[in-house]
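To convert, note that position 268 of the sequence shown is 268 in full-length UniProt numbering; the numbers rise steadily by one, no gaps.
C-beta atoms are modelled at their ideal positions from N, C-alpha and C, and glycine is treated no differently.
The structure appears below as structure tokens.
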Amino acid sequence: MAMSYLFTAPTSCFARPRKSLRDLSSRLGSQSFLEWELLGKAACEKRGGGQIGKNSLTVFCQQGVVSVARKDEAVSQSFDGSTAQLNIVMKFGGSSVASAERMREVADLILSFPNECPIIVLSAMGKTTNKLLLAGEKAVGCGISHVSEMDELSFVKELHLKTVDELAVDRLIVSGLLDELEQLLKGIAMMKELTLRTKDYLVSFGECMSTRIFAAYLNKIGAKARQYDAFDIGFITTDDFTNADILEATYPAVAKRLHGDWIRDPAIPVVTGFLGKGWKSCAVTTLGRGGSDLTATTIGKALGLREIQVWKDVDGVLTCDPNIHPKAEPVPHLTFDEAAELAYFGAQVLHPQSMRPAREGDVPVRVKNSYNRQAPGTLITRSRDMSKALLTSIVLKQNITLLDIVSTRMLGQYGFLAKVFSIFEDLGISVDSVATSEVSISLTLDPSKIWSRELIQQELDHVVEELEKISVVNLLQGRSIISLIGNVQRSSLILERAFNVLRKNGVNVQMISQGASKVNISLVVNDSEAKQAVAALHEAFFEDGFNAEIQSDDGQSQNGSGVLPYN
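Pasting the structure below:
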């Protein structure tokens with residue numbers, strides 16, 4: 001049964017929807033008594049976007065889902081004076097909004113495109129998420145009386161209050177949230193427990209504060225903006241806390257809210273990245289590290305926008321990690337499949353799932369550098385000319401576990417692989433790469449995906465114990481996956497060159513896997529040899545003129561006869 005509540009805010013009062021919505025949703029959901037209390041009382045006070053006059057707020061509640069419609073808002077113009085439609089997403093990461101100075105630069109960057117009508121997606125201010133996580137872990141064992149003294153809490157408070165002061169916006173924008181944050185940490189200390197659900201709620205404060213500060217600053221300089229919490233505008237997710245997936249119902253809900261508000265009262269939408277709302281629990285969820293990219297591409301698909309811009313602190317997607325090899329270069333053009341493989345196998349530029357909405361909506365993604373806005377960056381589209389392409393990028397994923405599973409039961413039998421993978425399903429562990437023969441399976445696991453470091457070895461022991469019931473198992477830790485991303489249809493050229501390089505550098509390959517996407521070849525090597533191997537491979541493929549020579553002699557290279565020997 002649907003319920004409707006009507007509130008009238010007097011002209012002397014300010015509305016802050018976040019607390020009221022969270023309080024309502026927590027009571028409609030299955031929030032614990034402690035979490036109810038920690039949410040605090042709803043209050044009428046100043047909001048980042050400015051004063052709300054005598055408006056009616058109608059709250060609709062049905063099956064635990066909460067939404068708000070604001071009535072009788074005055075229609076105004078967008079920041080450039082036009083009433084054009086929203087057309088791009090501009091997403092900025094934590095380093096891009098890490099200080100008041102950086103926020104000014106980002107605002108200047110946004111306003112330097114007067115013909116665009118952007119939606120802004122922001123991450124938390126630099127280091128905030130890590131500090132919040134560490135504060136939560138410390139609170140479990142520090143005692144309630146010591147919470148206020150934690151260095152991590154002091155860092156978060158000082159960073160945000162200093163930023164507010166330097167931007168000359170009202171402290172009330174974040175002071176209420178900072179008080180609420182401290183109460184949450186005291187609750188964690190009292191319960192001596194940090195659940196995944198509470199952890200998601202804890203880290204959400206970072207994005208909620210950064211977007212409020214930035215929207216208030218835009219309003220202060222005359223660029224009308226409106227702040228949104230993603231979990232309040234239709235970002236509906238699974239209840240997989242710390243790594244939730246966005247559900248299809250999100251797209252029409254987000255489009256309706258953002259488009260409707262823009263039509264009624266044009267203002268730059270400033271949206272929290274990384275966050276959502278569990279469809280059953282109605283609790284705050286997060287989309288995994290780098291989830292703000294997924295927020296941006298979801299909005300791009302939902303509204304059918306012209307382009308999604310992801311602004312980072314590097315000149316686009318690079319040919320390898322510059323921390324491993326300093327001669328890494330920007331990649332001008334990628335396909336969605338290439339970008340997805342790059343992200344999944346370790347490239348830190350994009351969220352692994354962020355390409356899915358962009359590909360489904362056929363919305364181009366452009367990765368650019370907020371520190372170097374003139375750099376062309378990397379354009380990611382559905383397809384590109386692959387006829388002369390060979391290798392696009394080299395990605396390294398370290399600290400991987402390799403499992404060799406040997407059993408003669410595989411010969412002529414069906415169902416053996418199903419038994420193997422059912423063990424991983426039961427234990428909740430995902431597999432990265434797989435290679436099989438008649439009597440053996442080799443596969444890789446990423447222990448970092450097990451949320452508690454204390455459980456890593458315990459879970460791996462469980463895997464071995466279960467697999468040994470049906471096979472002989474050899475577990476090898478301290479391995480790395482080197483992924484060669486590019487035109488795998490020319491795999492003979494890539495592998496011949498790669499193995500010549502690895503042989504010369506004394507690197508042994510322990511497993512090879514070719515992805516079904518046809519853009520990835522993965523090689524498993526020892527951790528101790530991995531960085532040396534990546535540097536040598538990058539030099540051979542990108543610095544010795546190999547790609548250029550292959551392209552100039554395309555006919556020969558496709559037959560495998562144009563390979564240059566590696567000397």
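Measuring CA to CA, which of Val519, Thr238, Val507 and Val147 is closest to Gln489? Comparing C-alpha distances from Gln489 to each of Val519, Thr238, Val507 and Val147 shows the shortest one belongs to Val519.
What number of angstroms, rounded off, separates the C-alpha of Phe274 from the C-alpha of Glu193? Rounded to whole angstroms, Phe274 to Glu193 spans 23 Å at the Cα level.
Just to confirm the assignment, what range does the alpha helix (DSSP H) spanning Glu529 have? First-last of the alpha helix (DSSP H) with Glu529: Asp527 to His538.
Measure the C-alpha to C-alpha separation of Ala283 and Lys199 and round it to an integer number of angstroms. Straight-line Cα distance between these residues: approximately 11 Å.
Please name the residue, chosen from Ala339, Leu350 and Asp461, that lies closest to Ile485 on a Cα-to-Cα basis. Of the listed residues, the one whose Cα sits closest to Ile485 is Ala339.
Supposed contact pair Arg479 and Gln510 - C-beta distance, whole angstroms, cut 8 Å: Distance from Gln510 to Arg479 at the Cβ level is roughly 7 Å; contact confirmed, criterion being Cβ atoms closer than 8 Å.
Helix, strand or coil, according to DSSP, for Val517 in the structure here? Residue 517 is actually Ser in this sequence, not Val. Coil, per DSSP.
List, from N- to C-terminal side, the alpha helix (DSSP H) runs of 4 residues or more that fit wholly inside the stretch 228 to 264. Look at the stretch 228 to 264 and you find these whole runs of alpha helix (DSSP H), each 4 residues long or longer: 250 to 264.
With Lys162 as the anchor, note down where its alpha helix (DSSP H) starts and where it stops. Asp151 to Leu167 is the extent of the alpha helix (DSSP H) around Lys162.
By the three-class DSSP mapping on this structure, what secondary structure does Asp179 have? Asp179 falls in the helix class under three-state DSSP.
Cβ atoms of Thr378 and Pro332: under 8 Å apart, would you say? Cβ distance < 8 Å, so Pro332 and Thr378 count as in contact.
Is Thr129 near Leu196, with beta carbons less than 8 Å apart? Note that the C-beta distance between Thr129 and Leu196 is not below 8 Å.
Where Arg104 and Leu443 are concerned, what is the direct C-alpha to C-alpha distance, given to the nearest angstrom? Each residue's Cα considered, the two are about 48 Å apart.
Flag this pair as yes or no: are the beta carbons of Asp426 and Leu445 separated by less than 8 Å? With a cutoff of 8 Å on beta-carbon distance, Asp426 and Leu445 are scored as not near each other.
Taking the alpha helix (DSSP H) that Pro357 belongs to, which residues open and close that run? Met355 to Gly361 is the span of the alpha helix (DSSP H), which, as asked, contains Pro357.
Please determine, among Asn219, Gly136 and Ile221, the residue with the shortest C-alpha to C-alpha distance to Leu181. Distances from the CA of Leu181 to each of Asn219, Gly136 and Ile221 were compared; the closest alpha carbon is that of Gly136.
My guess is that Glu329 and Leu318 are in contact by the Cβ rule of under 8 Å, so how many angstroms apart are they, rounded? Between Leu318 and Glu329 the Cβ distance is about 6 Å, and since that is below 8 Å, they are a contact.
Secondary structure at Ile324, three-state DSSP: helix, strand or coil? The three-state secondary structure of Ile324, taken from DSSP, is coil.
Would Asn110 and Pro269 qualify as a contact pair, given that the criterion is a beta-carbon distance under 8 Å? According to the sequence as given, residue 110 is Ile; it is not Asn. For Ile110 and Pro269, no; Cβs fall outside 8 Å.
If you scan the stretch 399 to 478 from start to end, which runs of the alpha helix (DSSP H) of 4 or more residues do you find wholly inside it? As far as the stretch 399 to 478 is concerned, its whole alpha helix (DSSP H) runs of at least 4 residues are 416 to 427 and 456 to 467.
Check whether the Cβ atoms of Gly316 and Val363 lie closer than 8 Å to each other. No.
Is the beta carbon of Lys131 sitting closer than 8 Å to the one on Glu152? Taking 8 Å as the cut-off, the beta carbon of Lys131 is found closer than this to the beta carbon of Glu152.
Bounding residues of the beta strand (DSSP E) (the contiguous stretch that carries Lys312): For Lys312, the enclosing beta strand (DSSP E) starts and ends at Glu307 to Lys312.
Which residues in the same chain have their Cβ closer than 8 Å to the Cβ of Ser491, if we skip the five residues on either side of it in sequence? Excluding five sequence positions before and after Ser491, the CB atoms of its chain that fall closer than 8 Å to its own CB belong to Gln514 and Ile521, given in chain order.
How long is the line joining the alpha carbons of Val406 and Ile441, rounded to whole angstroms? Their backbone Cα atoms lie some 7 Å apart in a straight line.
Distance check for Leu218 and Val501, CA to CA, integer angstroms please. In this structure, the straight-line span from the alpha carbon of Val501 to that of Leu218 is close to 52 Å.
Start and end residues, alpha helix (DSSP H) containing Leu122: No alpha helix (DSSP H) contains Leu122, which is instead part of the beta strand (DSSP E) from Pro118 to Leu122.
What span of residues does the alpha helix (DSSP H) with Lys199 cover, start to end? It spans Leu196 to Lys220 - the alpha helix (DSSP H) in which Lys199 sits, taken as one unbroken run.
Three CB pairs or more closer than 8 Å across the stretch 343 to 352 and the stretch 389 to 401: The answer is yes - the stretch 389 to 401 touches the stretch 343 to 352, with three or more Cβ pairs under 8 Å.
Which of the three DSSP states, helix, strand or coil, is assigned to Asn369? Strand at Asn369.
Could you compute how far the alpha carbon of Cys320 sits from the alpha carbon of Ala533? Each residue's CA atom was taken as its position, placing Cys320 and Ala533 some 12 Å apart.
How should His146 be labelled, buried or exposed, when 16 other C-beta atoms within 10 angstroms of its C-beta is the threshold for buried? Around the C-beta of His146, fewer than 16 other C-beta atoms lie within 10 Å, and the residue is accordingly described as exposed.
List the residues that DSSP assigns as beta-bridge partners of Met511. Note: Met511 is bridge-paired with Val524 in the DSSP secondary-structure output.
Let me check understanding here. Comparing Cα to Cα, which of Ile144, Ala100 and Leu86 lies closest to Glu166? Comparing C-alpha distances from Glu166 to each of Ile144, Ala100 and Leu86 shows the shortest one belongs to Ala100.
Considering just the uninterrupted stretch of the alpha helix (DSSP H) at Phe274, what are its terminal residues? Element bounds for Phe274: n/a, residue is neither H nor E.
Counterpart residues of Met90 in DSSP-defined beta bridges: Residue pairing for Met90: DSSP places it in a beta bridge opposite Ile120 and Gln309.
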